[in-house]
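Those letters in the sequence shown? Residues 287 to 501, per our numbering, in order.
The beta-carbon is built from N, C-alpha and C at its ideal position, and this holds for glycine as well.
All figures in this text were calculated on a predicted structure; none of them were measured in a lab.
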Amino acid sequence: MTLELFPFGDAGERTALGRHAFLLHGFALPYEARLLPAIDHIQTEAPFHHLVTPGGHVMSVALSNCGRLGWTSDEQGYCYTEINPHTGRPWPSMPDVFRELAANAAATAGFDGFAPDACLVNQYLPGARLTLHQDKNERDLSAPIVSVSLGMSAVFLFGGLERSDKTVRVPLKHGDVVVWGGEDRMRYHGVMPVQDAPHPLLGSQRINFTFRKVI
Ligand code: MD3
Ligand code: FE
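Structure (structure tokens):
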């Protein structure tokens, strides 16, 4: 079963998605002018790449990373690495504007002192989707995850602690930031196939970055 939520909030508003999960509407908008060149730089240093799942499927979402650790996959499965296996170089460092945005969003949601060591940068072109999953490869599960959505809108699916639990559909728009921690940290989640409705600044793509404290 799927429930509709109604978080078409205005910038500055906050919607609670759980006891420890908050959608901060438009929270990234004041950072936009500094974020876009930073994303261009990351993309040049560490081009987007389609990971192959342990089951042998090519993911529709393309991935890059910045920060000390990057999320990638090898024959064994998924892992965090210090070296980008596709370039042989360390991941680009986390831009100051990324750190500021992540820490300020986390503090606004009640998580002081958030210092992420990894940032996954996901690129969705029209049709790309992310099936329901949990993020459980981080050693520090006490830290929240902060996610920033830019470009085309997407419908986020927010489930429970079991894959079969009902999901809530949450529209995520350009500039929205979500902070997930505490009892909501291990919830199943995913992204519905992204519709092609080009964004004035980013065109036919959605960029999402998720900040994590891995170690
Ligand atoms: C809820 N990315 O990279 S971000 C992922 O929009 C991922 O690209 C999605 O799921 C995206 O793993 C969603 C939001 C997110 C990240 C981690 C979570 C939501 C979460 C962990 C627990 C609950
Ligand atoms: Fe995830």
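query: Check: D382 C-beta below 7 Å from any heavy atom of the ligand MG; result: Among the ligands modelled here, namely the ligand MD3 and the ligand FE, the ligand MG does not occur.
query: Residue environment, L355, which counts as buried when at least 16 other CB atoms sit within 10 Å; result: buried
query: Sequence-distant residues of the same chain with beta carbon closer than 8 Å to L427, five excluded per side; result: R471, M472
query: Same chain only: Cβ atoms within 7 Å of M287, ignoring 5 sequence neighbours per side; result: Here M287 scores only 40 on pLDDT, less than 50, and its place in the model should not be relied on; the value that follows carries that caveat. Excluding positions up to five away in sequence, the list reads K452.
query: Test item: CB-CB of L418 and Y364 under 8 Å; result: no
query: Three or more C-beta pairs below 8 Å linking the stretch 478–493 and the stretch 434–447; result: yes
query: Near the ligand FE: H419 beta-carbon under 7 Å from a heavy atom; result: yes
query: Selected residue, minimal CA-CA separation from V338, among V465, S490, W357, I325; result: W357
query: Candidates K499, R300, R492, R498: closest to G413 by CA position; result: R492
query: K459 versus P378 - alpha carbon distance; result: 26 Å
query: Beta-carbon proximity of F497 to V432, cut-off 8 Å; result: yes
query: Completely contained beta strand (DSSP E) runs for the stretch 405–439, where each covers 3 or more residues; result: 416–419, 431–437
query: I325 (DSSP reduced to helix, strand or coil); result: helix
query: Start-to-end residues for the alpha helix (DSSP H) that takes in T394; result: 382–394
query: Beta-carbon gap between F384 and A392 smaller than 8 Å; result: no
query: Proximity test, H306 beta-carbon vs the ligand FE heavy atom, cut-off 7 Å; result: no
query: R473 in three-state terms, based on DSSP; result: coil
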